[in-house]
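> Letter by letter, the sequence shown follows residues 1 to 215 of our numbering.
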Amino acid sequence: MEKIQGVIFDLDGVIVSTDDCHYRAWKRMADEEGIYFDRTINERLRGVSRMDSLAIILERAEKNYSDEEKQQMAARKNAYYVELIGALTGEDILPGAMNVLCWLKENGVKIAVGSSSRNTPIILKQIGLEGYFDAVADGNQITRSKPDPEVFLLAAKLLGLEASRCMVVEDADAGVEAALAGGMRVLGVGSAKDNKKATYRAENLEKVDIENIIG
Ligand code: BG6
Ligand code: MG
C-alpha cells in the first residue's frame with residue numbers, strides 16, 4: 001500500500017466535542033416548534049449538513065414547512081449553536097487529538113480538516129487551532145454533504161496530494177462512506193469505532209497507534 005502522506009480530520013467528534021452543543025441547539029429549536037427530538041435521532045445527524053439534519057428532524061413534524069420557514073428554523077438553530085460554541089476552549093479538544101496531530105507534524109505528514117460544518121472557522125479559533133492545519137475544507141466550500149466525498153477530495157487537493165495518499169479520521173458512518181467513496185483510507189473513531197467498512201478502527205485518538213498506521 002502507498003505510504004500515507006496526509007491525514008484529513010473530521011472536526012466535530014474527532015478533534016473537538018461539539019456533539020452536545022449541536023444536540024442542545026436542535027433540541028431548543030425542536031421544542032419551540034413542538035417537534036419530538038431525542039439523542040437517538042441526534043445520532044443520525046452526525047456528519048450530516050445543517051439542512052439535511054433539519055430534514056431528518058422534520059420527519060417527526062406534524063405539519064409541512066415552507067422552504068422559507070425551513071431556512072428560518074436552520075438559522076435559529078445555528079444562532080443557538082453559535083451561542084453555545086462561544087464557550088469552547090482548548091480544553092474541549094478531545095483526548096489524544098493533540099498528541100496525534102503533533103506526531104504527524106513532527107513526522108512530515110500533512111494535516112487537514114475536512115468538516116461539513118460551516119462553523120469550522122469559529123470552532124478552530126475557539127479551541128486555539130486557527131492556522132494550525134496545512135489545509136481546511138469545510139461546509140462553506142462544498143455543495144454536497146457527506147457521504148459524498150466532496151469535502152475530503154477538496155482537502156486532499158488543498159494539500160496537493162492524491163486521494164490514495166490520504167487517510168481520513170471520522171466518527172460518523174456517513175464520513176466513513178465519504179472517505180471510501182473518495183478513494184481514501186479511513187480510521188473510524190468514536191461512534192464509527194465499530195464500523196466494519198473502516199480501514200482502521202480505534203475507540204478514540206488516545207487509543208490509536210498512529211505510528212503503526214502511518215509506518
Ligand atoms: C458536522 C456535524 O460536522 O457538521 C453535524 O457532525 C452538523 O452534526 C454539520 O450538522 C453541519 O454543521 P454546521 O455547523 O454547519 O451547522
Ligand atoms: Mg464528526
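No residue lacks a Cβ here, since even glycine has one placed at the ideal position from N, Cα and C.
1. Bridge partners for M167 per DSSP, in chain order?
2. Tell me the DSSP secondary structure of A178 in three-state form.
3. Shorter than 7 Å, the distance from the beta carbon of G288 to the closest heavy atom of the ligand BG6, or not?
4. Excluding the five sequence neighbours on either side, which residues of its own chain have a C-beta within less than 8 Å of the C-beta of V82, listed in chain order?
5. Relative to the alpha-carbon of P135, which residue among I127, K125, K157 has its alpha-carbon at the smallest distance?
6. Between V16 and I111, is the Cβ-Cβ spacing less than 8 Å?
7. Can you tell me whether A30 is buried or exposed? The criterion is at least 16 other CB atoms within 10 Å of its CB, across all chains shown.
8. Compare the C-alpha of Q126 against each of G13, G114, G86 and name the closest.
9. Does K197 come out as helix, strand or coil in the three-state DSSP assignment?
10. Could you say which of R60, N212, R50 lies nearest to A74 if we only look at CA atoms?
11. If you count every other CB in all the chains shown that lies within 10 Å of the CB of C21, and 16 or more means buried, which is it?
12. On the criterion of 16 or more Cβ atoms from any shown chain inside 10 Å, does G47 qualify as buried, or is it exposed?
13. For D38, count the other beta carbons within 10 Å of its own beta carbon; 16 or more makes it buried, fewer makes it exposed. Which is it?
14. Once DSSP output is grouped into helix, strand and coil, what is the label at A61?
15. Taking the C-alpha atoms as reference points, what is the distance between E162 and L180?
16. With respect to 7 Å, is the separation between the Cβ of R46 and the closest non-hydrogen atom of the ligand MG below this value?
17. Compute the minimum distance between the beta carbon of G175 and the heavy atoms of the ligand GTP, and state whether it is under 7 Å.
18. Mind checking whether the beta-carbon of D38 lies closer than 7 Å to any heavy atom of the ligand MG?
19. If I follow the unbroken beta strand (DSSP E) through V136, where does it start and stop?
Result, derived from the coordinates:
1. Sequence index remark: in the sequence shown, residue 167 carries index 167 (1-based). M167 pairs with V7, R185.
2. The residue you call residue 178 lines up with position 178 of the sequence shown. Looking at A178 - three-state DSSP - the assignment turns out to be helix.
3. What the structure shows of the chain is the stretch from 1 to 215, and residue 288 is not part of that stretch, so it cannot be assessed.
4. Numbered from 1 along the sequence shown, position 82 holds the residue referred to as residue 82. Answer for V82: N119, I122, listed in chain order.
5. As a position in the sequence shown, residue 135 is number 135, starting the count at 1. The sequence shown places Ala at residue 135, rather than the Pro named in the question. A135 has its Cα closest to that of K157, out of I127, K125, K157.
6. For the purposes of this step, residue 16 is taken as the residue at position 16 of the sequence shown. For the purposes of this step, residue 111 is taken as the residue at position 111 of the sequence shown. Contact flag unset, no.
7. For the purposes of this step, residue 30 is taken as the residue at position 30 of the sequence shown. With 16 or more Cβ atoms within 10 Å of its Cβ, A30 is classed as buried.
8. As a first step, residue 126 must be located in the sequence shown, where it is residue number 126. Here the closest residue by C-alpha is G86.
9. The residue given as residue 197 occupies position 197 in the sequence shown. Residue state, collapsed to three classes: coil.
10. The residue you call residue 74 lines up with position 74 of the sequence shown. In this structure, R50 is the residue among R60, N212, R50 with its C-alpha nearest to the C-alpha of A74.
11. For the purposes of this step, residue 21 is identified with residue 21 of the sequence shown, where counting begins at 1. The residue in question, C21, is buried, as its Cβ has 16 or more Cβ neighbours within 10 Å.
12. In the sequence shown, residue 47 corresponds to position 47, counting from 1. It is buried - the Cβ of G47 has at least 16 other Cβ atoms within 10 Å.
13. Residue 38 sits at position 38 when you count from the first residue of the sequence shown. Classified as exposed, D38 has fewer than 16 neighbouring CB atoms from the shown chains inside 10 Å of its CB.
14. Here residue 61 refers to the residue found at position 61 of the sequence shown. Of the three classes helix, strand and coil, the one that applies to A61 here is coil, per DSSP.
15. Walking along the sequence shown from the start, residue 162 turns up at place 162. Walking along the sequence shown from the start, residue 180 turns up at place 180. Cα to Cα, E162 sits roughly 14 Å from L180.
16. Within the sequence shown, residue 46 is the residue found at index 46, counting from 1. Yes - the ligand MG has a heavy atom lying nearer than 7 Å to the Cβ of R46.
17. The model on display carries the ligand BG6 and the ligand MG but not the ligand GTP.
18. Taking the first residue of the sequence shown as 1, we reach residue 38 at position 38. In this structure, the ligand MG has no non-hydrogen atom nearer than 7 Å to the beta-carbon of D38.
19. Start at 1 with the first residue of the sequence shown, and residue 136 comes out as number 136. Segment 135-137, the beta strand (DSSP E) holding V136.
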